[in-house]
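Chains as they are written, first to last, in this note's numbering: chain A, 488 to 720; chain B, 16 to 161.
What follows is the structure, encoded as structure tokens:
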């Protein structure tokens, strides 16, 4: 008797399992951030401007497009410097650079769209270098000459992290820390490149960068919401 | 996620303080030449009266019996001509090279590097280029069989 009941129960359970359809529950669309341009943010690095001296100067402008959780980021800048060398002579470098990449905002629920982000950049620089060398040799005497790289270029990758904080209305501030890697230089036939604008000292493997930035955000028109229709009682 | 990433990012940022350059350069304008026997692959010791180099009045290895020569290349040119006065012979060797300057840092200065060493002409029977860069630590740039 018990055996018959157990068999019947097992059959019922099996038929229930066969009738059950497993459904993968998707997140409702309202919880997913749609990808569309919400705003553009344009700014500059005040730290670079503050550190300008008669020996070295530079500037950078930054822009990003708010696509939701992801931001398309572009930087453009220039620098020039002249150093006196301990061995005599001087080193001069001037050029421009750009970087482009994507930032991912890790603060997903912030109502003001403040950011703590990680990102990636690809950077390129074009520059020229001049070295005035003064050297002395016990056999060939003292010598001074000039060597130039008239059109050198560099490329590199960056991992970035930082903050963007809304200060007042559309005025934002933030910082970006950069780990720059895989630097490569071409066109340095006469002078072994010392510094590539936007990258830093060449030949050390990884270099580091830090920007303290001020931004102005320009929002685009908000997407139209579907009209709410009144339900008649 | 954020709590995990933030300390890591800070550690990366502060490790930037370890970027100071070292004032180390292995550049030199001294070329090292080893002398070998023509018939067998072994070192040969030769007594030189002297060796002259273009661009200087100095002479090198005057009265020396050596199997390895240390000769400077002309720092103000991209080629140097040497004349070897030894035994009853006079032989010549012209080497070419590229001079490239590397700035280590403003505090350390700029150092010329001599590379792409090549034999442009010679009266020796056989001269072989072993290492094309002149640098401290390089044991042999050229090999002359005589």
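Ideal Cβ positions, reconstructed from N, Cα and C, are used throughout, including at glycine.
Could you check whether the Cβ of residue 538(A) sits closer than 7 Å to any Cβ belonging to chain B? Contact of residue 538(A) with chain B is not assigned, every C-beta pair being separated by 7 Å or more.
What residues from the stretch 117-138 of chain B come within 9 Å of chain A, judged by C-beta to C-beta, listed N to C? 117, 118, 119, 120, 121, 122, 123, 124, 125, 126, 127, 128
Here's the rule I'm using: 16 or more other beta-carbon atoms within 10 Å means buried, otherwise exposed. How should residue 566(A) be labelled? Flag for residue 566(A) reads buried.
In this structure, what does DSSP give as the bridge partners for residue 578(A)? 570(A), 618(A)
Mapping the DSSP letters down to three states, classify residue 536(A) as helix, strand or coil. For residue 536(A), the secondary structure class from DSSP, reduced to helix, strand or coil, is helix.
Three-state class that DSSP yields for residue 77(B) in the structure shown: Per DSSP, reduced to three states, the secondary structure at residue 77(B) is coil, with no helix or strand assignment.
7 Å Cβ cutoff, residue 634(A) in contact with chain B: yes
Neighbourhood of residue 634(A) by C-beta distance below 8 Å, restricted to the same chain and skipping five residues each side: Counting only Cβ-Cβ distances below 8 Å, and skipping sequence neighbours, we find 617, 618, 620, 677, 678.
One or two residues paired with residue 548(A) in a DSSP bridge: 531(A), 563(A)
Assigned secondary structure, residue 698(A) (DSSP; H/G/I helix, E/B strand, else coil): strand
Span separating the alpha-carbon of residue 32(B) from that of residue 697(A): At residue 32(B) the pLDDT is 46, less than 50, meaning the model places this residue with poor confidence; the figure from the coordinates comes in the next sentence. Straight-line Cα distance between these residues: approximately 12 Å.
Starting from the Cα of residue 701(A), find the closest Cα among 664(A), 659(A), 683(A) and give me that residue. 659(A)
If I'm right that residue 67(B) touches residue 61(B) with Cβ under 8 Å, what's the distance once you round it to whole angstroms? The pair is not a contact, with the Cβ atoms about 16 Å apart (cut-off 8 Å).
Taking 7 Å as the CB-CB cut-off, is residue 33(B) touching chain A? Only weak support is given to the placement of residue 33(B): the predicted model assigns it a pLDDT of 45, under 50, and the value that follows is read from those uncertain coordinates. No, its Cβ sits nowhere closer than 7 Å to a Cβ of chain A.
Once the 5 residues before and after residue 590(A) are set aside, which same chain residues still bring their CB inside 6 Å of it? 558, 560, 604, 606
Do we get a CB-CB distance below 7 Å when we pair residue 73(B) with the residues of chain A? yes
In chain B, which residues lie less than 9 Å from residue 677(A) when you measure between Cβ atoms? 113, 114, 115, 116
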